[in-house]
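Its first residue numbered 1, the sequence shown is counted upward by one per residue in the UniProt record's numbering.
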Amino acid sequence: MITHGPSDGGLEKIEIALLLEGIYRRYGYDFRNYAFASIRRRIWHRIQMEGLSTVSSLQERVMHHTEAFHRLIGDLVIPVTEMFRDPDTFLALRRDVIPLLRKLPYIRIWHAGCSTGEEVHSMSILLHEEGVLDKTRIYATDINESALQKAKEGIIPLEKMKQYTKNYQAAGGMQSFSDYYDSDQGIVRLKPFLRRNIVIARHNLVTDRSFNEFHVIMCRNVMIYFNSQLRSQVHKLLYDSLAREGFLVVGGKESISFTPLAERYETRNDQHRIFRKLR
Ligand SMILES: C[S@@+](CC[C@H](N)C(=O)[O-])C[C@H]1O[C@@H](n2cnc3c(N)ncnc32)[C@H](O)[C@@H]1O
C-alpha cells in the first residue's frame, strides 16, 4: 500500500493544488495564490481535525459536504485582530493623515480585510475625537461572513477590555475608553453612534473588483497570507481604488517595496507603513 503524509512533498503539492482548484471551481473562493507554507499548515490541521489522513480525502469531503468546506474556510482565513492594534499606527494616522483629510468635504475609508471589525471601530473612535466622523463613510469588508456578522454586533469580549483600554490610551485617546461602550449584564457593546457611518459587506480581494474611490485604505495583515503574484494583483486593486493623494496603510510586517506600483507612492510614514498615492 502506498501511504503519504506531510513530508511527501511532490505528491502533496499536487494534491493541495487540486484541492484549491476544486474549492475555486465548486465554491468560487480562490486560495490558489495564498502563501503555500501557511496554507499547507492549515490544510493539515483540518485533515487531523476531520480524522482523515490525506489531502485527497479532505478534498473528497469538502467537494461533497458544504459544512466541511465551511470548516476548512474557517481554518484558511485568520481572523486575529484587536482594537487599536499597533497603537502607534493610529497615533501616526491622527498626526499625519487626519489633518489632511479634515480639508475634504466628505471622506471615504475602506478597511479591506476587516475581520471582526475591531480596527474599524477604532478608526471610528479616532475620527470622532478628531471631529470628522460625521462627514466620513467607512466601508468594512472581508471574505469571512461570520467575522462580518460579529463586526455588525460590535461586542467587545470582556477579557479584552484591559488590553483595548491600554491600546486606546497609547493611540493618543483623548477621553476615557469607557465613554465608547455600554455595558449590560456582562455584555459590552460599542455605542451605536460609532457604528452609524459604517457599511459592512462581503468582498473578496482576490476575485471581486474595485467598488469605490477612497481617501484612505487600511489593508493590514491580510496580504502577508498571499504569495508575491497575488500581492501584486491586490496592490493593483487597492491602487485603482485610491483617490489621488489618498493614503494606503499596510501592516507592520508588510511592505510595498517589492510591488510594481511602489514608485507610484510616496512614503508618508515608513515606520507605520503609511503611503500616499502620487498620481
Ligand atoms: C489577520 S486578519 C487582519 C484583520 C485586521 N485588518 C487587522 O490588521 O487587525 C486578516 C483578515 O483578512 C481576511 N482575508 C483573507 N483573505 C481575504 C480575501 N481574499 N479578501 C478579503 N479578506 C480576506 C481574513 O478573513 C481575515 O479577517
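Just so it is clear, CB atoms sit at the ideal spot from N, CA and C, and this is done for glycine as well.
All values reported here derive from a predicted model rather than from experimental measurement.
Mind checking whether G28 and M63 have CB atoms under 8 angstroms apart?
no
Member of F31, N212, K103 whose CA lies at the smallest distance from the CA of L72
F31
Taking the C-alpha atoms as reference points, what is the distance between Q229 and R276?
22 angstroms
What is the DSSP secondary structure of Y29, reduced to helix, strand or coil?
coil
Does the beta-carbon distance from S255 to L237 come in below 8 angstroms?
no
Use the C-beta contact count for H70: other C-beta atoms within 10 angstroms, 16 or more gives buried, fewer gives exposed.
exposed
Between G186 and R94, what straight-line distance do the alpha-carbon atoms span, to the nearest angstrom?
32 angstroms
Quick one: is G246 buried, meaning 16 or more other Cβ sit within 10 Å of its Cβ, or exposed?
buried
Who are A112's beta bridge partners in DSSP?
T141
Exposure label - P87; buried when at least 16 CB within 10 Å:
buried
Close-in-space but distant-in-sequence residues of the same chain around H272 (CB under 7 angstroms, 5 per side omitted)
D88, T89, A92
Could you check what DSSP says for N269 in three-state terms: helix, strand or coil?
strand
How is F226 classed by DSSP in three states: helix, strand or coil?
strand
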